[in-house]
Structures are given as structure tokens and as C-alpha cells.
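A.B. asks:
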Amino acid sequence: ARGNAEFISLELDRIEQKIQALTEMAISHQDPGDLSVQVDAVAEGLSQTEQTIKDLQSITGLSSESAEAPSILGTDVEVQ
């Protein structure tokens, strides 16, 4: 479980960093085509992370109704 929590935490951090980079790219008015490719990549990453979370829920028996959804910004996952 600890490894799974660490993996999810790392994935969320990676996605957050990618979103910040996309925001900076949009502000600097770079090529819209490049921005679209990057947005698609982030969306694919989110889909993969969501599938991993679903897989982990089926393995552990925990459901999405078990607890409130965690905030991905401003909160670190504490692994014990």
C-alpha cells in the first residue's frame, strides 16, 4: 500500500507540474499546435492515473465513497 500511495503521489505531482508548464506556455503565446499536443498528453496521463487508481481500488477493496477526494494542490501525501 505504501508503494501505491507513493506512486499516486508522484503521478499527481508530475501532472501538477505539467499543468503549470502548460499555463506558462499558454501565457507566452507559443505555437497553439504545440499547446494542443501538450494538453492531449496531460489528458492521457490523467486517464492512465485514473485507471491505476481504479485498479488499486479493486485490489484493496476500497471504494471512492470510502473517503473524501484528496486535493491535488497544496497537500502532500503522508506515507506511514
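Counting the sequence shown from 1 gives a position; the working numbering is that position plus 44.
Built from N, CA and C at the ideal position, the CB exists for glycine as well.
(1) Assign serine 72 to one of three DSSP states: helix, strand, or coil.
(2) Alpha carbon to alpha carbon, how far is glutamine 61 from isoleucine 71? Give it in angstroms, no decimals.
(3) Mind the definition here: the segment 88–96 touches the segment 48–63 only if three or more C-beta pairs lie below 8 Å; say whether that holds.
(4) Going by beta carbon distance, what residues of the same chain come within less than 8 Å of methionine 69, once the five residues before and after it are set aside?
(5) If you compare alpha carbons, which of Arg46, Ile103, Arg58 is closest to valine 86?
(6) Could you tell me which of Gly47, Asn48, Arg46, Ile63 sits nearest to glutamate 88, measuring between CA atoms?
C.D. replies: According to the data block:
(1) Looking up residue 72 in the sequence shown gives position 28. If DSSP states are grouped into helix, strand and coil, serine 72 belongs with coil.
(2) Taking the sequence shown and counting its residues from 1, one reaches residue 71 at position 27. Taking the sequence shown and counting its residues from 1, one reaches residue 61 at position 17. About 15 Å.
(3) yes
(4) One-based indexing of the sequence shown puts residue 69 at position 25. Only Asp78, Leu79, Gln82 meet the Cβ criterion.
(5) The sequence position of residue 86 within the sequence shown is 42, counting from 1. Taking only the C-alpha atoms, the option nearest valine 86 is Arg58.
(6) Taking the sequence shown and counting its residues from 1, the one referred to as residue 88 is at position 44. For the residues Gly47, Asn48, Arg46, Ile63, the minimum Cα distance to glutamate 88 belongs to Ile63.
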